[in-house]
Every structure is written in structure tokens, then in C-alpha cells.
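In our numbering, the protein residues as written are 17 to 337.
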Amino acid sequence: MKNDFKSFLAVEFSNYLQLLLSAGRSTRNHEIMLRSLDSFLLQNHTFEKCLSESIINQWLSTICGTSANKVSYIARYRGLSKYLRSINITAFEPEYPRCSYTYAPYVFSDEEWKRMIASADSLPYSDYNPESAVLFCILLRMLYGCGLRRNEALKMETRDIDLNLGVLFVRHAKNDKQRYVPMDISLTELIRAYLSIVPQREYLFVNSTSGRRYSAEWARKRMGHLLQDCGIDFERVRKYERGPCLHCFRHTFVAKAFDQLLQTPLDFADAVPFISTYLGHCDLRETDKYLQANYDFFQRDHTLITDYTRKHNIFPEVIDE
17 MKNDFKSFLA
27 VEFSNYLQLL
37 LSAGRSTRNH
47 EIMLRSLDSF
57 LLQNHTFEKC
67 LSESIINQWL
77 STICGTSANK
87 VSYIARYRGL
97 SKYLRSINIT
107 AFEPEYPRCS
117 YTYAPYVFSD
127 EEWKRMIASA
137 DSLPYSDYNP
147 ESAVLFCILL
157 RMLYGCGLRR
167 NEALKMETRD
177 IDLNLGVLFV
187 RHAKNDKQRY
197 VPMDISLTEL
207 IRAYLSIVPQ
217 REYLFVNSTS
227 GRRYSAEWAR
237 KRMGHLLQDC
247 GIDFERVRKY
257 ERGPCLHCFR
267 HTFVAKAFDQ
277 LLQTPLDFAD
287 AVPFISTYLG
297 HCDLRETDKY
307 LQANYDFFQR
317 DHTLITDYTR
327 KHNIFPEVID
337 E
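The structure is reproduced here in C-alpha cells:
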């Protein structure tokens with residue numbers, strides 16, 4: 017894109033993009049935001065070097081798409097407004113609206129988990145690939161008991177499994193946020209027993225026939241067969257509701273963690289950042305999304321974390337692209 021801005025702030029917009037580039041920032045989405053604002057200013061014949069609250073609110077009302085899309089525009093505009101104020105140009109800075117989180121996960125009940133793990137543990141071994149059934153049992157326990165994302169588990173390297181301490185080091189995590197996650201002793205012993213009888217390997221979830229890591233498709237198909245064997249059907253009740261899948265184990269873990277937290281004397285404000293960090297979240301907005309998704313199940317938790325984030329003003333000023 018050429019920076020052919022035409023509004024009364026054309027020079028400032030171009031200079032702002034150059035500032036971002038010199039800082040090593042990607043400017044594509046910032047340029048899209050600037051072009052939208054530039055066009056709005058031209059169409060509304062605004063010539064005063066001032067971005068008032070009225071002008072910005074009118075511009076934001078023209079932004080189409082989801083509420084999350086509008087938040088992304090606001091995030092990038094807030095960076096621009098700070099720059100403009102630094103060069104003595106008045107620029108209104110809007111607050112972030114609360115996004116409506118439409119994704120509705122499936123939360124497994126305790127009874128469903130017992131049925132699934134019992135069925136998985138009794139899966140027959142294949143002569144073609146005898147390790148597959150055992151590894152799927154390990155995967156289920158990692159997702160349900162440790163709250164890992166599917167790919168975090170599938171990419172787990174054996175060097176990152178501390179069997180003495182019973183701790184996993186999540187090296188390949190979303191947003192490159194590495195972290196340590198404790199295991200239940202039963203999972204630790206299961207992995208110890210498995211690794212003691214297989215050849216040394218780089219990754220835990222390796223197909224012994226091909227020598228390559230198991231894929232997400234392997235896990236998805238295994239999960240589909242397991243749900244069918246356990247008679248776990250799904251009927252959509254709410255809009256955007258998603259049927260049971262591997263990622264729903266993580267939602268189940270979060271729901272249980274917060275429910276248990278509310279039964280302890282630990283102050284919520286002291287505990288919630290630890291849970292957010294444990295999950296590998298960049299900030300509490302990600303944790304809040306999980307609680308919004310589980311709103312019908314854990315409305316108390318959602319109210320608490322919402323109050324906490326607003327009280328402590330912990331939402332970051334800039335959203336990563």
C-alpha cells in the first residue's frame with residue numbers, strides 16, 4: 017500500500033507509520049486503520065487538526081464486523097492518539113468496549129470423563145502400531161488434568177518432561193509463552209512406564225511406524241471414535257455452541273479450577289493471575305473469554321474476574337497483531 021493519505025492529518029499519519037517501521041513493527045493493520053480514518057475525515061469535510069470525541073465516535077460507528085474487529089481498530093487508534101498528543105495535537109482516546117464472546121464450548125461432566133477414560137484405557141492394541149492406544153490415553157490425561165492446549169501436548173519433547181518433579185515444561189506454546197505445568201502422580205507414573213519400554217525419542221507422541229510426530233488429525237479421529245464408543249451425543253442448544261472436542265478438555269479444566277478456587281479461603285484477586293499464568297494466557301482478557309464461554313455454568317467466576325480486571329485496570333494499552 018502507498019501512504020497516499022489525503023486528510024488534514026496526512027503528514028502525521030505517514031510519520032506515524034514510519035515511526036512504527038523504525039521500531040520494527042508490522043504496519044499493515046495500522047495502515048488499514050489509518051486509511052479508514054483518513055477516508056472518514058475527508059468525507060466529513062473535517063479540516064481542524066483535532067480528533068475530538070465526537071469525530072472518533074462517529075468514525076468508530078462506521079467500522080463493520082465483529083466487536084473484536086472494532087476492538088482491534090480501537091487498539092491501533094489508541095497508539096496513534098498517543099503519538100498525536102505527543103506532538104501537541106488533541107486526539108480523543110476511547111475506552112475498550114467489552115467484547116461479546118460467542119464461542120460456546122462443551123464442558124464434560126465428571127460422569128462423562130469417567131466413561132471416556134475407562135473406554136480409552138480398554139482400547140485394543142493394534143499390531144500395526146501398538147503404541148497408539150497408550151499415547152492417546154496419555155494425551156487425554158494431559159489435556160484434562162493439566163489444561164494443555166492440544167498442540168502443546170502433541171509437541172511435547174521428552175527432554176521437557178521432568179519425571180522426578182512431575183512437571184512438564186511447555187516449550188511450544190501459543191504466543192511463545194513458555195511455562196511449567198505440574199502433573200498428577202498417576203500421569204507421571206504412566207509416562208515413566210511408557211518411556212521405560214520404548215526407544216529413546218525426541219518427542220513423546222511419536223508414531224513408531226513412521227517415526228514422525230502424531231498429528232492433530234490423528235488425535236481428532238481418535239477422539240471422534242471415543243465419543244461414539246461412549247455414547248456422548250451433542251445437540252446444539254445455544255447459538256455458536258460447539259460439540260465436544262479435544263479443546264473442550266481445556267475449558268473443562270478452567271471451569272473446574274475456578275470452581276475449586278471459590279471453595280478455598282484464598283483471595284480471588286491473589287489467585288486469578290496464577291491461574292491465568294498457568295494456562296499460558298497473555299493477559300486476563302484471555303482467561304475472561306473462557307469464563308464468558310462457560311457463563312451458564314460458572315456465572316460467579318465470570319463476575320469475579322470481570323470486577324477484578326476493571327478494578328485493577330489490567331487491560332494492556334496495545335493489542336499484539
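Positions of the beta carbon are idealized from the N, C-alpha and C atoms, including for glycine.
- prompt: Going by beta carbon distance, what residues of the same chain come within less than 7 Å of C162, once the five residues before and after it are set aside?
  reply: As a first step, residue 162 is located in the sequence shown; it is residue number 146 there, counting from the start. If we look at C162 and ignore the five residues flanking it on each side, its Cβ neighbours are L184, V197, M199.
Checklist entry - In its own chain, which residues sit with a C-beta less than 7 Å from the C-beta of A232, not counting the 5 before and 5 after it? => result In the sequence shown, counting from the first residue as 1, residue 232 sits at position 216. Cβ neighbours of A232 within its own chain (closer than 7 Å, five residues either side excluded): R166, N167, L170.
- Item | Between the CA atoms of Y122 and V253 - distance to the nearest angstrom | Within the sequence shown, residue 253 is the residue found at index 237, counting from 1. Within the sequence shown, residue 122 is the residue found at index 106, counting from 1. Legend: pLDDT at V253 = 49, less than 50; position of this residue unreliable, no value from coordinates given.
Buried or exposed by the 16-neighbour rule on C-beta atoms within 10 Å, applied to E218: Within the sequence shown, numbered from 1, the residue matching residue 218 stands at position 202. The residue is exposed, with fewer than 16 neighbouring Cβ atoms inside 10 Å.
Could you name the residues of the same chain whose beta carbon sits closer than 8 Å to that of N85, not counting the 5 residues immediately before and after it, in chain order?
-> Reading the sequence shown from its first residue, position 69 is the one you call residue 85. Correct list, in chain order: I79.
Y99 and L33: beta carbons closer than 8 Å? Along the sequence shown, read from residue 1 onward, the residue named residue 99 stands at position 83. Along the sequence shown, read from residue 1 onward, the residue named residue 33 stands at position 17. It is not a contact, given that the beta carbons lie outside the stated cut-off.
Helix or strand or just coil, what does DSSP make of D20? Sequence index remark: in the sequence shown, residue 20 carries index 4 (1-based). Note: D20 maps to coil in three-state DSSP.
From E69, S42, N31, L76, residue whose alpha carbon lies closest to that of L53: Taking the first residue of the sequence shown as 1, we reach residue 53 at position 37. Measuring from the Cα of L53, the nearest candidate turns out to be L76.
- [ ] Mind checking who P198 pairs with in its DSSP beta bridge?
- [x] Counted from its first residue, the sequence shown places residue 198 at position 182. Beta-bridge pairing links P198 to V183.
| message | Does Y141 pass the burial test, meaning 16 or more other C-beta atoms within 10 Å, or should it be called exposed? | response | For the purposes of this step, residue 141 is taken as the residue at position 125 of the sequence shown. Exposed is the call here.
- Task: Run the CB neighbour count on R44, radius 10 Å, all protein chains shown included, and call it buried at 16 or more, exposed below.
- Result: Here the question's residue 44 lines up with position 28 in the sequence shown. R44 should be labelled exposed.
Can you look up R229 in the DSSP assignment and give me helix, strand or coil?
Within the sequence shown, residue 229 is the residue found at index 213, counting from 1. When DSSP states are grouped into helix, strand and coil, R229 belongs to the strand group.
(message) Please state the DSSP three-state secondary structure of A189.
(response) The sequence position of residue 189 within the sequence shown is 173, counting from 1. Here A189 sits in coil by DSSP.
| message | Taking 8 Å as the threshold (C-beta atoms), are T106 and L67 in contact? | response | As a working mapping, residue 67 is identified with position 51 in the sequence shown. As a working mapping, residue 106 is identified with position 90 in the sequence shown. Judged by beta-carbon spacing, T106 lies within the 8 Å limit of L67, meaning their Cβ atoms are closer than that value.
query: Between the stretch 228-242 and the stretch 146-157, are three or more C-beta pairs nearer than 8 Å?
result: Counting C-beta pairs with one atom in each stretch, the stretch 228-242 and the stretch 146-157 have three or more that are closer than 8 Å, which means they touch.
Practice prompt. Rounded to whole angstroms, what's the CA-CA distance from Y93 to E109? Just pull it up for me.
Written response: Indexing the sequence shown from 1 puts residue 93 at position 77. Indexing the sequence shown from 1 puts residue 109 at position 93. If you take the alpha carbons of Y93 and E109, they lie about 8 Å apart.
- Comparing alpha-carbon positions, which option in L181, R131, I90 lies nearest Y112? Taking the first residue of the sequence shown as position 1, residue 112 is located at position 96. Looking only at L181, R131, I90, the smallest Cα-Cα distance to Y112 is reached by I90.
- To which residues does DSSP link Y219 through a beta bridge? The sequence position of residue 219 within the sequence shown is 203, counting from 1. Note: Y219 is bridge-paired with E173 in the DSSP secondary-structure output.
Exercise. Which residues mark the beginning and the end of the alpha helix (DSSP H) in which T43 is found?
Worked result: Counted from its first residue, the sequence shown places residue 43 at position 27. In the DSSP assignment, T43 falls outside any alpha helix (DSSP H) and carries neither an H nor an E.
Tell me which residues share the same chain as K22 and place their Cβ nearer than 8 Å to its Cβ, disregarding the 5 neighbours each side in the sequence.
As a first step, residue 22 is located in the sequence shown; it is residue number 6 there, counting from the start. Residues D54, L58 of the same chain have their beta carbon placed closer than 8 Å to that of K22, with the five preceding and five following residues left out of the count.
Got a sec? Which residues, its chain only, sit under 7 Å from A235 by beta carbon, not counting five neighbours each side?
-> Numbered from 1 along the sequence shown, position 219 holds the residue referred to as residue 235. These residues qualify, in order along the chain: L155, R166, L170, L262.
Cβ pair A189, G296 closer than 8 Å
If you number the sequence shown from 1, residue 189 lands on position 173. If you number the sequence shown from 1, residue 296 lands on position 280. Here A189 is near G296, since their CB atoms are less than 8 Å apart.
Which ranges does the alpha helix (DSSP H) cover as unbroken runs of at least 4 residues, wholly within the stretch 85-172, from first to last along the chain?
Listed in chain order, they are 126-137, 147-162, 166-170.
Quiz item: When you compare only the Cα positions, how much space is there between E205 and S212?
Solution: On the sequence shown, residue 205 is found 189 positions in, with the first residue counted as 1. On the sequence shown, residue 212 is found 196 positions in, with the first residue counted as 1. Each residue's Cα considered, the two are about 10 Å apart.
Taking C-beta to C-beta, are D176 and R187 nearer than 8 Å?
-> Within the sequence shown, numbered from 1, the residue matching residue 176 stands at position 160. Within the sequence shown, numbered from 1, the residue matching residue 187 stands at position 171. Between D176 and R187, the gap from beta carbon to beta carbon is short of 8 Å.
Cutoff 8 Å: D178 Cβ touching any chain D Cβ: Among the chains in the structure shown there is no chain D, since it carries only a single protein chain.
Item checked: Buried versus exposed, by CB contacts within 10 Å (16 or more), H46 -> Taking the first residue of the sequence shown as 1, we reach residue 46 at position 30. Residue environment analysis places H46 among the buried positions, since at least 16 neighbouring C-beta atoms fall within 10 angstroms of its C-beta.
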